[in-house]
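**Q** With positions in the sequence shown counted from 1, the corresponding number in this note's numbering is that position plus 3.
Before anything else, here's the structure in question.
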Amino acid sequence: MLRQTELFYGGDYNPEQWSREIIMEDMRLMKQAKVNYVSLNIFGWVNIQPSEDVFDFTFLDEMMELLHKNEIGVDLANGTASPPAWLVKKHPEILPITINGTPSVHGSRQHYCPSNQLYRSYVKRLSEAVAKRYADHPALIMWHINNEYTCHISECYCDSCLAAFRQWLKEKYQTIDELNRCWSTKFWSQSYSERDEIFLPKEMPTFKNPAHQLDYKRFISDQNLALFKLEKEAIRKYSQDIPVMTNLMGLHKHVDGFKFAEEMDVVGWDAYPNPFEEKPYPQFLANDLTRSLKKKPFLVMEQAPSAVNWRAANGAKKPGQMRLWSYEALAHGADGIMFFQWRQSQGGAEKFHSGMVSHNQDPESRLFKEIVQLGEELEQLNELVGTTYVADVAFVFDWENWWALELDAKPSAKINYIKQMRDLYKVFHELNIGVDFVHPSESLDPYKLVISNAQYLVTEDFSTKVKAYVNAGGHFMTTFFSGIVDENDRVYLGGYPGAFKEVLGIYVEEFYPMPLDAKSRIAIGDGTYETETWEEVIHLKGAQAVANFTQGYLAEMPAVTQYKYGKGESYYIGTKLFEAGNRVIIEKILTEADIPSTASEFIQNQSHSISVTCRENQLDNFIFLLNYGQKSETIQLNVSAYSLLDEAIVQDNITIPANDLKILKIPKVR
Ligand code: GLA
Ligand code: ZN
4 MLRQTELFYG
14 GDYNPEQWSR
24 EIIMEDMRLM
34 KQAKVNYVSL
44 NIFGWVNIQP
54 SEDVFDFTFL
64 DEMMELLHKN
74 EIGVDLANGT
84 ASPPAWLVKK
94 HPEILPITIN
104 GTPSVHGSRQ
114 HYCPSNQLYR
124 SYVKRLSEAV
134 AKRYADHPAL
144 IMWHINNEYT
154 CHISECYCDS
164 CLAAFRQWLK
174 EKYQTIDELN
184 RCWSTKFWSQ
194 SYSERDEIFL
204 PKEMPTFKNP
214 AHQLDYKRFI
224 SDQNLALFKL
234 EKEAIRKYSQ
244 DIPVMTNLMG
254 LHKHVDGFKF
264 AEEMDVVGWD
274 AYPNPFEEKP
284 YPQFLANDLT
294 RSLKKKPFLV
304 MEQAPSAVNW
314 RAANGAKKPG
324 QMRLWSYEAL
334 AHGADGIMFF
344 QWRQSQGGAE
354 KFHSGMVSHN
364 QDPESRLFKE
374 IVQLGEELEQ
384 LNELVGTTYV
394 ADVAFVFDWE
404 NWWALELDAK
414 PSAKINYIKQ
424 MRDLYKVFHE
434 LNIGVDFVHP
444 SESLDPYKLV
454 ISNAQYLVTE
464 DFSTKVKAYV
474 NAGGHFMTTF
484 FSGIVDENDR
494 VYLGGYPGAF
504 KEVLGIYVEE
514 FYPMPLDAKS
524 RIAIGDGTYE
534 TETWEEVIHL
544 KGAQAVANFT
554 QGYLAEMPAV
564 TQYKYGKGES
574 YYIGTKLFEA
584 GNRVIIEKIL
594 TEADIPSTAS
604 EFIQNQSHSI
614 SVTCRENQLD
624 NFIFLLNYGQ
634 KSETIQLNVS
644 AYSLLDEAIV
654 QDNITIPAND
664 LKILKIPKVR
């Protein structure tokens, strides 16, 4: 497989919108900005297949040649993301159908049903044609398949999907009795005697069967993955050595990133933090999550150079913000920084979405100068390629749990997987503790601490794994409404949280969700900390209380617990804390699990506003110091280091201006 040697820098390139003159200007500007990689042909279907029996590669050939001549590598898309009008006219049955039965017609993009066999056959033919033509092209360095699966179409209720869903259920359950058992269909007279009695979960009078809904979500993710695999196989028929990927979307709910990553050679995501936010933690988290999908460096496949066009108010990135957030990704394991798109469109839906080259066409503009600066800097940092991110802590992340947790008819509608995860993640980020994300099927052994946030759906396998992990000395922390149901959304009986109660040394008798806008407090030692959303009746079965509820019926009862299990320790938070409370608990756990801040052996004073992370290879540590504060900060060093961007040796201390960063290379002692 072709190996990456340079950090990738560039963006989506859509030259079909532009004149030859502008395209030639693009080449000049790309060279100036040190662009070495562009994504081409993502929405190119109709350009290369203008009608059913005509393939015309003239323009794409020319672009590939031109980019090659300019030493710019190509992430070449098979171009299947937006089916042409002629195809829709001939086969309107490829269109996705909304829950109300309405087709989503041609005139935007992603107007296809992922299950539709006709669409799939056209996709296969197109992918094979593109792969055959460019497999050996010297500009080609990556295959880009489709675009952001389920970004716009995350459900479809067409007949193809219905047939495919019934088939999917057949493969999963084998017998209808097994399906009935797993779906708890004895309730509300829902039992099926044959598979063709089963609908897609369309409009229904009231709550839909949750296991039915959960399987539909699994099915949609699987159907899109099957489509990805079909596209990949079509490419692999002609091209075996070029890595294959698609652009994922970080915290996007509808496709299971771990399952997709298994089929991808490289993972990447499209990062769209809101410039109005100073520290967009969900996007910071998504860098770590995306890297964790393969436990390998990832690519930022798209980010906005400045504003997007799809929020109600589209803030422009402030000077330095794009650069600092790009380094945030690099500091957390990115091996490439890409933008949507190279040149801001003149017409069409995204003309007010920023580009690396703006409408103003001014090479002296703030934005273009920053684009050039970042390109020049990344050229100095190629030794980072392939280095490993260092993390002692793992958060469990499970798309299936996310789907199950947020279905309706739960004790509180306020439970939110990502918001709760973000609140916990933020504390680790601020304390400069590196985190990975793990799928429940992965090993927990590499980590000193495992965090299971709102992990409502837990398999028996995972429950067993956690017990073994803690028993052997691991630290495990979980939060309210975790360990409640199995993979069929059936409750573990005998007291909550069934899957975790043994390892936690507790039993929860009853939930006491709070009114939606209510706040309460828990007491830890002499202090009290604000809570919301949730309280519950916890009985200690060996565990001890770390914090107690303070109000009403629950006053004095345990709210946070700790339990020594085997050689390890487990912790439970039975409410939703705010930042201060989370911080106190997490700091206590980090001390007990003996997890120091990143690079504390090299740095004497970890300042609050400096974010510290580490990437490493066998020879060196690369310490990233990002200053998110308002003023410059001086860090005391225990060792001398080489500052990559300054190209200078630093000793004793280093000053990092506000909104700026340093990357220190420190050899490992051998
Ligand atoms: C997505 C798409 C791009 C573009 C950007 C705009 O990420 O993949 O084609 O539409 O959004 O933010
Ligand atoms: Zn469909």
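No residue lacks a Cβ here, since even glycine has one placed at the ideal position from N, Cα and C.
(1) Identify, in the order they occur along the chain, each residue of the same chain with its Cβ nearer than 7 angstroms to the Cβ of Gly76, setting aside the five sequence neighbours on each side.
(2) Quick one: give me the first and last residue of the alpha helix (DSSP H) that Ser523 is part of.
(3) State the DSSP-derived secondary structure class of Leu254, mapped to helix, strand or coil.
(4) Could you give the distance in angstroms between the alpha-carbon of Ser635 and the alpha-carbon of Thr83?
(5) Can Asn404 be considered in contact with ligand 1, in the sense that its beta carbon sits closer than 6 angstroms to one or more heavy atoms?
(6) Sort Tyr499, Lys570, Arg6 and Tyr645 by Cα distance to His478 and report the nearest one.
(7) Restricting to Cα atoms, I'd like to know which of Gln344, Val642, Met33 and Pro285 is closest to Met304.
(8) Any heavy atom of ligand 2 closer than 6 angstroms to the CB of Cys116?
(9) What would DSSP say about Val642, mapped onto helix, strand or coil?
(10) Can at least three beta-carbon pairs, one atom from the stretch 625-643 and one from the stretch 578-595, be found at a separation below 8 angstroms?
(11) At what residues does the alpha helix (DSSP H) containing Cys617 begin and finish?
(12) Under 8 angstroms: do the stretch 551-567 and the stretch 503-510 share three or more Cβ pairs, one atom per stretch?
(13) Quick check: the Cα distance between Gln376 and Arg326, rounded to an integer number of angstroms?
(14) Please confirm if the stretch 305-323 is in contact with the stretch 276-283, defined as three or more CB-CB distances below 8 angstroms between the two stretches.
(15) Along the beta strand (DSSP E) that carries Ser573, what are the first and last residues, could you check?
(16) Tell me the rounded alpha-carbon separation between Glu181 and Glu206.
(17) Over what stretch of residues does the beta strand (DSSP E) that includes Pro500 continue unbroken?
(18) Of the choices Gln20, Glu538 and Glu55, whose alpha-carbon is the least far from that of Tyr556?
(19) I'd like to confirm something about Glu19: is its beta-carbon nearer than 6 angstroms to some heavy atom of ligand 1, or not?
(20) Give me the residue from Asp649, Gln607, Gln609 and Thr601 with the minimum Cα distance to Ile626.
(21) Does any residue of chain D bring its CB to less than 7 angstroms from the CB of Leu203?
(22) Compute the distance between the beta-carbons of Ile45 and Ala80, then report whether it is under 7 angstroms.
(23) Would you mind listing the alpha helix (DSSP H) stretches within the stretch 284-315 that are 4+ residues and don't spill past its ends, in chain order?
(24) Please report the residue range of the alpha helix (DSSP H) in which Val126 lies.
(25) Do you know offhand how far Ile25's Cα is from Leu228's?
(26) Tell me which residues share the same chain as Gly358 and place their Cβ nearer than 7 angstroms to its Cβ, disregarding the 5 neighbours each side in the sequence.
(27) Assuming Gly271 contacts Trp402 under a Cβ cut-off of 8 angstroms, what Cβ separation, rounded to an integer in Å, is found between them?
(28) Please report how far the alpha carbon of His155 lies from the alpha carbon of Thr209, in whole angstroms.
(29) Which residue comes first and which comes last in the alpha helix (DSSP H) that contains Glu280?
(30) From His362 to Tyr16, what distance separates their C-alpha atoms?
(31) Write down the C-beta distance between Leu5 and Ile238 rounded to the nearest angstrom, noting that I regard them as a contact closer than 8 angstroms.
(32) Once you ignore the five residues that flank Phe514 on each side, which residues in its own chain have a CB closer than 6 angstroms to its CB?
(33) Going along the chain, which residues of its own chain have a beta-carbon closer than 6 angstroms to the beta-carbon of Ser224, five neighbours each way excluded?
(34) From the DSSP output, in three-state form, read off Asn474 for me.
(35) Cutting at 6 angstroms between CB atoms, please list the residues of its own chain near Val653, excluding the five before and the five after it.
(36) Take Lys668 as the anchor and find which of Gly498, Leu640, Val453 and Tyr241 has the nearest alpha-carbon.
**A** Short version:
(1) Within the sequence shown, residue 76 is the residue found at index 73, counting from 1. Excluding sequence neighbours, Gly76 sits near Asn39, Tyr40, Ala142 and Ile144.
(2) Your numbering for residue 523 matches position 520 in the sequence shown. From DSSP, Ser523 is part of no alpha helix (DSSP H) but of the beta strand (DSSP E) over Lys522 to Ile527.
(3) Locating residue 254 in the sequence shown gives position 251, where the first residue counts as 1. Leu254: coil per DSSP, three-state reduction.
(4) Locating residue 635 in the sequence shown gives position 632, where the first residue counts as 1. Locating residue 83 in the sequence shown gives position 80, where the first residue counts as 1. The straight-line gap from Cα to Cα measures roughly 48 angstroms.
(5) For this step, residue 404 is matched to residue 401 along the sequence shown. No, since every heavy atom of ligand 1 falls outside the 6 angstroms radius drawn around the Cβ of Asn404.
(6) Position 475 of the sequence shown, counting from 1, holds the residue named residue 478. Answer by Cα proximity: Lys570.
(7) Counted from its first residue, the sequence shown places residue 304 at position 301. If we check each option's Cα against that of Met304, Gln344 comes out closest.
(8) Indexing the sequence shown from 1 puts residue 116 at position 113. Yes, since a heavy atom of ligand 2 falls inside the 6 angstroms radius drawn around the Cβ of Cys116.
(9) Within the sequence shown, numbered from 1, the residue matching residue 642 stands at position 639. Coil at Val642, not helix or strand.
(10) no
(11) Position 614 of the sequence shown, counting from 1, holds the residue named residue 617. It is not in any alpha helix (DSSP H) - Cys617 instead sits in the beta strand (DSSP E) that spans Ile613 to Glu619.
(12) yes
(13) The sequence position of residue 376 within the sequence shown is 373, counting from 1. The sequence position of residue 326 within the sequence shown is 323, counting from 1. Rounded to the nearest angstrom, the two C-alpha atoms are 9 angstroms apart.
(14) yes
(15) Your numbering for residue 573 matches position 570 in the sequence shown. That run of the beta strand (DSSP E) goes Gly571 to Ile576.
(16) Taking the sequence shown and counting its residues from 1, the one referred to as residue 181 is at position 178. Taking the sequence shown and counting its residues from 1, the one referred to as residue 206 is at position 203. One C-alpha to the other measures close to 25 angstroms.
(17) The residue given as residue 500 occupies position 497 in the sequence shown. First-last for Pro500: undefined, no H or E at that position.
(18) Counted from its first residue, the sequence shown places residue 556 at position 553. Of the candidates Gln20, Glu538 and Glu55, the one whose C-alpha sits nearest the C-alpha of Tyr556 is Glu538.
(19) If you number the sequence shown from 1, residue 19 lands on position 16. No, Cβ of Glu19 sits at least 6 angstroms from all heavy atoms of ligand 1.
(20) Walking along the sequence shown from the start, residue 626 turns up at place 623. The shortest C-alpha separation from Ile626 is found at Thr601.
(21) Included in the structure is just one protein chain, with no chain D present.
(22) Within the sequence shown, residue 45 is the residue found at index 42, counting from 1. Within the sequence shown, residue 80 is the residue found at index 77, counting from 1. Against a cut-off of 7 angstroms, the Cβ pair of Ala80 and Ile45 comes out as a contact.
(23) 284-297
(24) Here residue 126 is taken as the residue at index 123 of the sequence shown, counted from 1. Start and end: Gln120 to Tyr137.
(25) Taking the sequence shown and counting its residues from 1, the one referred to as residue 25 is at position 22. Taking the sequence shown and counting its residues from 1, the one referred to as residue 228 is at position 225. Answer to the nearest angstrom: the Cα atoms are 37 angstroms apart.
(26) Counted from its first residue, the sequence shown places residue 358 at position 355. Cβ within range, chain order: Pro308, Gln344, Trp345, Arg346 and Gln347.
(27) By 1-based counting over the sequence shown, the position of residue 271 is 268. By 1-based counting over the sequence shown, the position of residue 402 is 399. Not quite, the Cβ-Cβ distance comes to about 18 angstroms (not below 8 angstroms), so this is no contact.
(28) Counting from one through the sequence shown, the residue named residue 155 turns up at place 152. Counting from one through the sequence shown, the residue named residue 209 turns up at place 206. Distance between the alpha carbons of His155 and Thr209: 26 angstroms.
(29) As a first step, residue 280 is located in the sequence shown; it is residue number 277 there, counting from the start. Where Glu280 is concerned, there is no enclosing alpha helix (DSSP H), given that its DSSP letter is neither H nor E.
(30) As a working mapping, residue 362 is identified with position 359 in the sequence shown. As a working mapping, residue 16 is identified with position 13 in the sequence shown. Rounded to whole angstroms, His362 to Tyr16 spans 15 angstroms at the Cα level.
(31) As a first step, residue 5 must be located in the sequence shown, where it is residue number 2. As a first step, residue 238 must be located in the sequence shown, where it is residue number 235. Actually they do not touch by this definition, with Cβ atoms about 14 angstroms apart.
(32) Here residue 514 refers to the residue found at position 511 when the sequence shown is read from its first residue. Only Pro414 and Glu539 meet the Cβ criterion.
(33) Here residue 224 corresponds to residue number 221 of the sequence shown, with the count starting at 1. Once the five neighbours on either side are set aside, the close Cβ partners of Ser224 are Val258 and Asp259.
(34) Taking the first residue of the sequence shown as 1, we reach residue 474 at position 471. Residue state, collapsed to three classes: helix.
(35) Within the sequence shown, numbered from 1, the residue matching residue 653 stands at position 650. Cβ neighbours of Val653 beyond the five flanking positions: Ala644 and Ser646.
(36) Here residue 668 refers to the residue found at position 665 when the sequence shown is read from its first residue. It is Leu640 whose Cα lies nearest to the Cα of Lys668.
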